[in-house]
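Participant: Going down the list, the protein sequences come from chains D and X. Read in my numbering, the first sequence has 115 at position 115, and its numbers run on one by one without any break. Read in my numbering, the second sequence has 1204 at position 204, and its numbers run on one by one without any break. Take this structure first; my questions come after.
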Amino acid sequence: MTAPNHRWRQFKDLLMRVVTFACAILVVAPLILIFYHIVKQGFSSLNFAFFTQLPKPLGEKGGGMANAIVGTFVLLAEAAVVGVPVGVLGGVFLSEYGSSKLNWWVRFAADVLNGVPSITWGVVVYGLMVVPMHGASALAGGVVLGLMMIPLVMRTTEEVLQLVPGGYREAALALGIAKWKTIVQIVIRTALKGIVTGVLLALARVAGETAPLLFTTGNLGWAHKLTEPIAAIPLQIYVYAISPYDDWHRQAWAGAFILLLLVLAINVGVRFFTRDRFQSKT
Amino acid sequence: MPETATSPLNVPPESKAPGAPALAVRNLSVFFGKNVAVKKVSLDIAARAVTAIIGPSGCGKSTFLRAINRMHELNPEARMEGEIKLFGDDIYSRNVEPVVVRRRVGMVFQKSNPFPTMSIVDNVTVGLRLNGVGNRKVLAERTEQSLRMAALWDEVKDRLHAPAISLSGGQQQRLCIARALAVEPEVLLMDEPASALDPLATSKIEDLIVHLKKEYTIVIVTHNMQQAARASDFTAFFYLGELVEYGPTTKIFTSPSQKRTEDYVTGRFG
């Protein structure tokens, strides 16, 4: 009487196992496919000129993305300058000062901003900066990426500050240390690795953004000033990939490969930081 | 509340503290929203003596303790009535900031909480450094002095720059005591300082408390009757937010005047 029932239960258990495993594979498979194609096509298209030369005019062979590689780093630096202070201090406010009612609204706004399509950010900054300044610029590109970082950095900062046990705040306040010093010297210091991790992940996220840059950077040559147009890897990939020329396609693959390496490097940095954090806790 | 609870009566001469009381609490009530945690408590706490606050969970003893250095104000719902004078100074006076009160009244918590990002020595000196003391000689002197008073110096003097969290639980709690002593408070509040420690570490903390009263006024909240009996000079018994009885520890434990005190200290309830 119990045997068939038992077998049916075993079958259900197995079924569940197989279905969940298949879904896990589906998560990993695209990553492996993307990696495989980009590494295969991108690595073979890389050469020294890619890092040192400017794009060649249409029809000429060779050339590189030197300006776009430098441009992406410049844009990320600008984004960090715009996004990190506002994001981190906003997170500090949510965690250490805000009232629950105000916090609810700020969190809600941050979550909505996180969900705003990136092209919308591009259009907004186009209207706020590109039009008044009469032209695309490195500044506008950095600002749009920085604005996109703010809600990301703010929420992760708030989360890691909340993980700091209240006992540390009490201990510091009981020593007669002022609240702002307690926050800066005790709470933020304790959560610093988590905050850095959040900043790095936000940088990795905006490093590959293309749509907001379409409206803001201009994607041209070398920028000698922040008010001049600047190139960026994702934009260069976009321009080359939709062109009909094989040589440009190869350059697009190489650009994708470099961008992938950059994002990978940031993520490895994050792993390094988080691992260190767990070690120091035990 | 009978007036006898206000100050320790019939204090035997050998346990009477010298000089004026360190703390004079009058009609102290503390509210959290609509709830009353402490009801109209009045008592004097003797200087350079150990006063134990005992009572069952939820009787308001921790709230009472936190009101003495205004730590209860961290809860935005908290509100107080009454008066607390620290060596004559009204700590709730309008022009007194909580930060200043907390420099004079230090606190040690139930769970040891050395700052995990700092070394042993940095933990001891943090209260001084963040309050503007930068003189290395002063900091070094105060470090040794505080760690010696906390009976930790001999155990850590060779590894002062090791992370504070590398210490054992009992050592961490003594480090927290050293950290509180380094800013030279006049009163030291201890909220169940040994309840998370093993018996050996607990007895070290108790020895330390008895030793510290030569220089400090100590108020300790404890759940442990033996601890109160061993380490304190005066005992206050709280029940449901009220001060039921207050007097010399020997009297509270051997011949309490209130039935509820007797029932509690003999373990009949709580």
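Idealized CB from N, CA, C, for every residue including glycine.
Within the same chain, show all residues whose beta-carbon is closer than 6 Å to that of residue 1040(X), passing over the 5 residues directly before and after it, in chain order.
Facilitator: Answer for residue 1040(X): 1027 and 1029, listed in chain order.
Participant: Given the structure, does residue 1034(X) come close to the ligand FAD, in the sense that its CB is under 8 Å from one of the ligand's heavy atoms?
Facilitator: Because no ligand of any kind appears in the structure shown, any question about the ligand FAD cannot be addressed here.
Participant: Jot down the residue ranges of each uninterrupted alpha helix (DSSP H) in the stretch 1034–1091 of chain X, minimum 4 residues, whole runs only, in chain order.
Facilitator: Listed in chain order, the complete alpha helix (DSSP H) runs (minimum 4 residues) inside the stretch 1034–1091 of chain X are 1061–1068.
Participant: Below 9 Å on C-beta distance, what does residue 1099(X) contact in chain D?
Facilitator: The contacting residues are 173, 176, 177, 178 and 179.
Participant: For the candidate residues 27(D), 256(D), 170(D) and 37(D), whose alpha-carbon lies nearest to that of residue 1107(X)?
Facilitator: Cα-wise, what sits closest to residue 1107(X) is 170(D).
Participant: Count the other CB atoms, across all protein chains shown, that sit within 10 Å of the CB of residue 1044(X); report buried if there are 16 or more and exposed otherwise.
Facilitator: Buried: at least 16 other Cβ atoms inside 10 Å.
Participant: Looking at residue 1086(X) and residue 1020(X), is the spacing between their C-beta atoms short of 9 Å?
Facilitator: Contact: no.
Participant: Applying the criterion that 16 or more other CB atoms from any shown protein chain within 10 Å of the CB defines a buried residue, is residue 1218(X) buried or exposed?
Facilitator: Residue 1218(X) is buried by the Cβ-count criterion.
Participant: Does any CB atom of chain X fall closer than 9 Å to the CB of residue 97(D)?
Facilitator: False, the Cβ-Cβ gap to chain X never drops below 9 Å.
Participant: Got a sec: which bits of the stretch 1170–1187 of chain X sit with their beta carbon under 9 Å from any beta carbon on chain D, in order along the chain?
Facilitator: Those would be 1176, 1179, 1180, 1182, 1183 and 1185, in chain order.
Participant: Indicate whether at least one CB of chain X lies closer than 9 Å to the CB of residue 279(D).
Facilitator: Only weak support is given to the placement of residue 279(D): the predicted model assigns it a pLDDT of 43, under 50, and the value that follows is read from those uncertain coordinates. No, no contact with chain X.
Participant: Helix, strand or coil, according to DSSP, for residue 210(D) in the structure here?
Facilitator: Of the three classes helix, strand and coil, the one that applies to residue 210(D) here is coil, per DSSP.
Participant: For the candidate residues 106(D), 99(D), 237(D) and 152(D), whose alpha-carbon lies nearest to that of residue 65(D)?
Facilitator: That would be 237(D), whose Cα lies nearest to the Cα of residue 65(D).
Participant: Counting contacts by CB-CB distance shorter than 9 Å, is residue 275(D) in contact with chain X?
Facilitator: With 9 Å as the cut-off, residue 275(D) does not count as an interface residue toward chain X.
Participant: Mind pulling the chain X residues with CB within less than 8 Å of residue 162(D)?
Facilitator: Those within 8 Å of residue 162(D) in chain X number zero; the least Cβ separation is about 16 Å.
Participant: The beta strand (DSSP E) that contains residue 1105(X), what's its start and end?
Facilitator: Looking at the DSSP string, the run of the beta strand (DSSP E) that includes residue 1105(X) is 1105–1108.
Participant: At 7 Å on the CB atoms, spell out the chain A contacts of residue 186(D), in chain order.
Facilitator: Of the protein chains in this structure, namely D and X, none is chain A.
Participant: Could you give the first and the last residue of the continuous beta strand (DSSP E) run that contains residue 1247(X)?
Facilitator: Note, residue 1247(X): beta strand (DSSP E), 1242–1248.
Participant: Quick one: is residue 1117(X) buried, meaning 16 or more other Cβ sit within 10 Å of its Cβ, or exposed?
Facilitator: It counts as buried.
Participant: Is residue 1074(X) close to chain D? Criterion is C-beta to C-beta, closer than 9 Å.
Facilitator: Answer yes: the Cβ-Cβ gap between residue 1074(X) and chain D drops below 9 Å somewhere.
Participant: Count the C-beta pairs between the stretch 99–107 of chain D and the stretch 188–196 of chain D that are closer than 8 Å, then say yes if the count reaches three, no if not.
Facilitator: No, the stretch 99–107 of chain D does not touch the stretch 188–196 of chain D.
Participant: Distance check for residue 1098(X) and residue 1178(X), CA to CA, integer angstroms please.
Facilitator: Distance between the alpha carbons of residue 1178(X) and residue 1098(X) is about 21 Å.
Participant: For the stretch 1126–1158 of chain X, which residues have a beta carbon sitting closer than 8 Å to at least one beta carbon of chain D?
Facilitator: The stretch 1126–1158 of chain X vs chain D, Cβ under 8 Å: 1126, 1127, 1130 and 1131.
Participant: Sorted by chain position, which residues of the same chain lie with C-beta nearer than 7 Å to residue 1180(X)'s C-beta, five sequence neighbours on each side aside?
Facilitator: For residue 1180(X), where only same-chain residues beyond five positions count, the Cβ hits under 7 Å are 1106, 1107, 1108 and 1188.
Participant: Name the DSSP bridge partner or partners of residue 1163(X)?
Facilitator: BP columns for residue 1163(X) point to 1119(X).
Participant: Taking a contact to mean a Cβ-Cβ separation below 9 Å, would you say residue 1110(X) touches residue 1229(X) in this structure?
Facilitator: Result no, Cβ atoms of residue 1110(X) and residue 1229(X) do not sit closer than 9 Å.
Participant: What do you get for residue 47(D), buried or exposed, if any count of 16 or more other CB atoms within 10 angstroms of its CB means buried?
Facilitator: Per the 10 Å Cβ criterion, exposed.
Participant: For residue 175(D) and residue 1102(X), I'd like the C-alpha separation in whole angstroms.
Facilitator: The straight-line gap from Cα to Cα measures roughly 6 Å.
Participant: For residue 277(D), which of helix, strand or coil comes out of DSSP?
Facilitator: Reliability fails at residue 277(D), whose pLDDT of 48 lies under 50, so the model's placement of it is uncertain and the value that follows must be treated cautiously. Three-state DSSP puts residue 277(D) in a helix.
Participant: Return the CA-CA distance between residue 1240(X) and residue 1034(X), expressed in angstroms with no decimal places.
Facilitator: The straight-line gap from Cα to Cα measures roughly 15 Å.
Participant: Can you list, in chain order, the residues of its chain with a C-beta nearer than 6 Å to that of residue 1007(X)? Leave out the 5 residues immediately preceding and following it.
Facilitator: With a pLDDT of 48 at residue 1007(X), under the threshold of 50, the modelled position of that residue is not reliable, and no figure is offered here.
Participant: Does DSSP put residue 1191(X) in a helix, a strand or coil?
Facilitator: Reduced to three states, the DSSP call for residue 1191(X) is strand.
Participant: Within 9 Å of any Cβ in chain D, is that where the Cβ of residue 1164(X) sits?
Facilitator: False, the Cβ-Cβ gap to chain D never drops below 9 Å.
Participant: Give a yes or no on whether the C-beta atoms belonging to residue 67(D) and residue 177(D) are separated by under 9 Å.
Facilitator: Cβ distance not < 9 Å, so residue 67(D) and residue 177(D) don't count as in contact.
Participant: What residue range is occupied by the uninterrupted alpha helix (DSSP H) comprising residue 161(D)?
Facilitator: Per DSSP, residue 161(D) belongs to the alpha helix (DSSP H) from 138–162.
Participant: Rounded to whole angstroms, what is the Cα-Cα separation between residue 54(D) and residue 257(D)?
Facilitator: Those two C-alpha atoms are separated by around 18 Å.
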